[in-house]
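Data first, discussion second: the structure below is written as structure tokens.
In the UniProt record's numbering, the protein residues as written are 1 to 837.
So, in structure tokens, the structure goes:
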């Protein structure tokens, strides 16, 4: 199983995978790393990614892009209405107030939500990853903008679930970039943090964050953002050119969606050229509108003047981060940039002016987010082994909780998570209640979403205690590892007094464990929470939550003695009471209303996506069968078939061509396959005949060469060539007999082949000739390739014998002379055998 990281962008997506040796960005079926965030519908099939982008101009009404910014929103949202001005596809309000893109699919008008379109895109990315890695892909980490609210994050998770992806974590894009930067750094300090600013300016958003690095850890400090990006620069330039074209050519580019799209495409190319060239650059579009060719020009200074308001917003976003992070300029180590729009020179200049540091491009500007997400997925997944790297993320919006009350129990509220609080994290609230009540979780500051309420949780099955007093209820409010705020659990504290049968210090094991757990919960919080209420160390491998306990009452929502401390007093070993108080936590059921699909709705959408995937596969198979039938032809087979049969087949092919473009335009897969098989049954014998006649001559020549080689080997053996000294007469007799047998077969069949008419089946098949070649070659090679036997071992020469004497003894094959032996040998081994005169 492989793990991947997905950078889901408004314009395009990148997918990276953790593999042995590092992180690799995957290429799609067009060998491109970037897959456009685009989904199109064409008849019975869906087109996703590069192919959808390529046909956007010709199939504009059924092609959808830009749906990322509509996730989790309602049709009447002002933000949605603004975005729809840039989307040419027809959009309708659904029965639940949601957004429905109206497209023609399966020959009927259908509505698809942004979540469904995102799921379709994720399905394509999953297929691309599976094909590239040759392994099943399920686990992933998806990067999302830091400004995404609960509703948008939940919608993104729902889309991933519909696509069959197991999301280990939704990760802020700024955090993924920081992880991609810090994971490979070997020079991070152990004590004083290294503060780095990350600027990410993409197609539709600007995000800037401050991060503190220490060895093996990163901690996000603050983030700032604005929903402006490269497309806003394009739009400002397009407005300028549209006005110019109106004055010069009397055409309104904004009135024609197709022309407007073409203009934006050309402007994007022009903008990229301006990043490297400050001279005046031309813009020309042929047949722009009403068969009119348009042309103009612009230089970088003009573009910067047109986009002045946007550049001011960029500068304001940078300055806002400096204020919120509270970092002095001298404590900023560097500024790293990612995202396509950071290539604009004016943005780089603003970075240097605000932060006092030049913009650095240590990271891949396009792929850094996906690579960081893949690293996070590798850290969290049990399928991959990777070194630990601690990641402390932040919650960008302050969150408060309010609760209702009846009779004597008044309502109240508290801010549980201030801005830039660490995540994941949990708060434990303690309230006194006699009956069920409702808690509302909402944002405590303005957010880019029309509704501040995150959700409402009704906690049930609450009753007074035995004395009729309010029961204590412990409610856990949590920021999970996806950045989603929710009430994860509610428990009733059941307290009872029991008689103490022995000394008060002797508690049974379950009771002791319960007391220890309650006491250690707050102690652990005190050890792991600093003055700012943030965890000092977060292990991201398990996405562990760190808790703080808030104790609230009706009269004093933020006061009161800590429950764990009171329990600690009950179990104090110094008490002389004969009764002791025991308590246990009882889980309470909850009803909730929050963002996202209900489980049954999500299940239905998942099944619908599976059906569409199956339909895509079926349609692809059908189209392939139709294409195979269209490509079928008689080819250069005329000389191998009689004229009557040839005319019959040609007539069938002509009828087939007429049928394909009339009644056969939209038939099922089996119909195309049956017609293809019918034609193949007639033409396959002709193709086999042609194959034999075309390739047999070369095979006959190869057989002749094998025969010549066999005869040469036999002749050399007869002449006594030394390399065959170890072979026997019997072995070469076998070669000779086989050679004569094959030669006789060749003479007979070569004559038959030469005399055969090409319109009849060949008397000799290519496979038969191959068999004869194999038989002869095997017979010859098994004999002549047999190695010579090893020579018998010779006596070991004396150790001190000179090299000249050794060579002379080996050459003459004689014993060493006694005088030479006595002169050159001091000692003779005992096992040496030598003849002495």
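Every residue gets a Cβ at the ideal spot worked out from N, C-alpha and C, and that includes glycine.
All values derive from a computational prediction rather than experimental measurement.
Given that a residue counts as buried once 16 or more other Cβ atoms are within 10 Å of its Cβ, and exposed if not, what is residue i?
i	result
residue 512	Unreliable placement is indicated for residue 512, whose pLDDT of 38 sits below 50; the coordinate value is still reported in the next sentence. Flag for residue 512 reads exposed.
residue 372	buried
residue 124	buried
residue 540	Summary for residue 540: the model assigns pLDDT 35, below 50, so the residue's position carries little reliability; its value from the coordinates is reported in the next sentence. It is buried - the Cβ of residue 540 has at least 16 other Cβ atoms within 10 Å.
residue 534	Any reading at residue 534 must be qualified, since the residue scores a pLDDT of 34, below 50, and its modelled position is unreliable; no value is offered.
residue 9	buried
residue 685	exposed
residue 426	buried
residue 474	buried
residue 234	buried
residue 778	exposed
residue 300	buried
residue 758	exposed
residue 440	buried
residue 287	exposed
residue 18	buried
residue 82	exposed
residue 248	exposed
residue 760	exposed
residue 526	No answer about residue 526 holds up, because its pLDDT of 31 lies below 50 and its placement is not dependable.
residue 289	buried
residue 95	exposed
residue 642	exposed
residue 115	buried
residue 433	buried
Determine the extent of the beta strand (DSSP E) in which residue i is found, giving its start and end residues.
i	result
residue 395	390-395
residue 24	22-25
residue 128	Not the beta strand (DSSP E): residue 128 falls in the alpha helix (DSSP H), residues 114-133.
residue 183	First-last for residue 183: undefined, no H or E at that position.
residue 461	Where residue 461 is concerned, there is no enclosing beta strand (DSSP E), given that its DSSP letter is neither H nor E.
residue 19	12-19
residue 45	45-48
residue 99	99-105
residue 55	No beta strand (DSSP E) contains residue 55, which DSSP labels as neither H nor E.
State the start and end residues of the unbroken alpha helix (DSSP H) segment that holds residue i.
i	result
residue 779	766-784
residue 474	No alpha helix (DSSP H) holds residue 474; the beta strand (DSSP E) holding it covers 471-479.
residue 603	599-631
residue 5	From DSSP, residue 5 is part of no alpha helix (DSSP H) but of the beta strand (DSSP E) over 2-8.
residue 667	Looking at the DSSP string, residue 667 is not in any alpha helix (DSSP H), and its letter there is neither H nor E.
residue 263	257-274
residue 646	643-660
Below 8 Å between beta carbons: does that hold for residue i and residue j?
i	j	result
residue 146	residue 174	yes
residue 457	residue 487	yes
residue 89	residue 64	yes
residue 384	residue 399	no
residue 264	residue 283	no
residue 139	residue 168	yes
residue 135	residue 2	yes
residue 229	residue 203	yes
residue 104	residue 183	no
residue 675	residue 656	yes
residue 378	residue 338	no
residue 157	residue 39	no
residue 28	residue 49	yes
residue 280	residue 303	no
residue 862	residue 590	Lying before the first or after the last residue shown, residue 862 is absent from the chain, which here runs from 1 to 837.
If residue i and residue j are in contact, beta carbons under 8 Å, what's the gap, nearest whole angstrom?
i	j	result
residue 311	residue 350	7 Å
residue 98	residue 113	6 Å
residue 130	residue 449	Actually they are not in contact, since the Cβ atoms of residue 130 and residue 449 sit about 35 Å apart, beyond 8 Å.
residue 197	residue 237	Actually they are not in contact, since the Cβ atoms of residue 197 and residue 237 sit about 28 Å apart, beyond 8 Å.
residue 315	residue 224	Not confirmed; about 12 Å, so no contact.
residue 703	residue 773	5 Å
Is the Cβ of residue i closer than 8 Å to any Cβ of chain D?
i	result
residue 146	This model lacks chain D altogether; it includes just one protein chain.
For this session: Please list the segments of the beta strand (DSSP E) lying wholly inside the segment 276-330, counting only runs of 3 or more residues, in order along the chain.
Result: 281-289 and 292-298
Problem set entry | Within the segment 59-93, ranges of the alpha helix (DSSP H) (whole runs, at least 4 residues) | 78-84
Problem set entry | Contained beta strand (DSSP E) runs [length at least 3] in the segment 161-249, N- to C-terminal order | Those beta strand (DSSP E) runs which fall completely within the segment 161-249 and span 3+ residues are 166-172, 194-201, 206-214 and 217-226.
For this session: Give, in chain order, every unbroken run of the beta strand (DSSP E) that is at least 3 residues long and sits entirely within the segment 397-462.
Result: 399-403, 412-417, 421-423, 425-433, 437-443 and 453-459
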